[in-house]
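Below: the structure, in structure tokens.
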Amino acid sequence: MVLNQKGGFNDEVAVCYAVILSSFAAKELGKSFTEIIKDVIDNSDETGIISVDNFLESINVKITSIKEKLNYFGSHETSYIYTIFDQVFYGAELYEKIYSKPATLSTNGLIEKDRF
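Residue numbers for the sequence shown follow the numbering used here, beginning at 641 and rising by one.
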């Protein structure tokens with residue numbers, strides 16, 4: 641089962657957040673990413689990223705610092721995870737048009753690969 645089928649993961653950024661925290665947890669615990677992400681998926685529920693946070697804390701992974709860096713609940717303009725996600729998705733040119741500020745990544749956006 642994948643995260644977005646569990647409910648509570650309303651957008652791709654929430655899934656990215658869970659994957660980043662899982663990768664962080666794997667490194668902290670000295671376990672494989674595959675093992676940790678399977679456990680995260682098995683223990684996630686309709687509360688989405690809150691269930692991921694709760695599970696990782698229950699297995700003694702200290703996630704406070706990574707959560708602060710990602711700033712998931714911040715605005716798109718201040719949240720690191722949203723800023724990077726938006727730049728990868730929109731690409732530098734469209735990101736700069738939308739947010740009226742320079743992109744830190746100079747790449748074409750994944751949006752260009754979307755089919756309508």
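All residues carry an ideal CB built from backbone N, CA and C; glycine is no exception.
- Here I677 is near S662, since their CB atoms are less than 8 Å apart.
- Straight-line measurement puts the Cα of Y712 at about 21 Å from the Cα of F673.
- Excluding the 5 residues flanking it on each side, A665 has same chain C-beta neighbours closer than 6 Å at I676, L696 and V701, in chain order.
- In the three-state scheme derived from DSSP, where H, G and I count as helix and E and B as strand, N748 is classed as strand.
- By DSSP's assignment, G731 forms a beta bridge with N748.
- Within the region 643-730, the complete alpha helix (DSSP H) runs of at least 4 residues fall at 652-669, 673-682, 689-698 and 704-710.
- Put simply, of T704, I738 and L734 the residue whose alpha carbon is nearest the alpha carbon of G749 is L734.
- For K671 and G688, the gap between their C-alpha atoms comes out near 23 Å.
- The region 679-686 makes contact with the region 646-654, as at least three CB pairs between them are under 8 Å.
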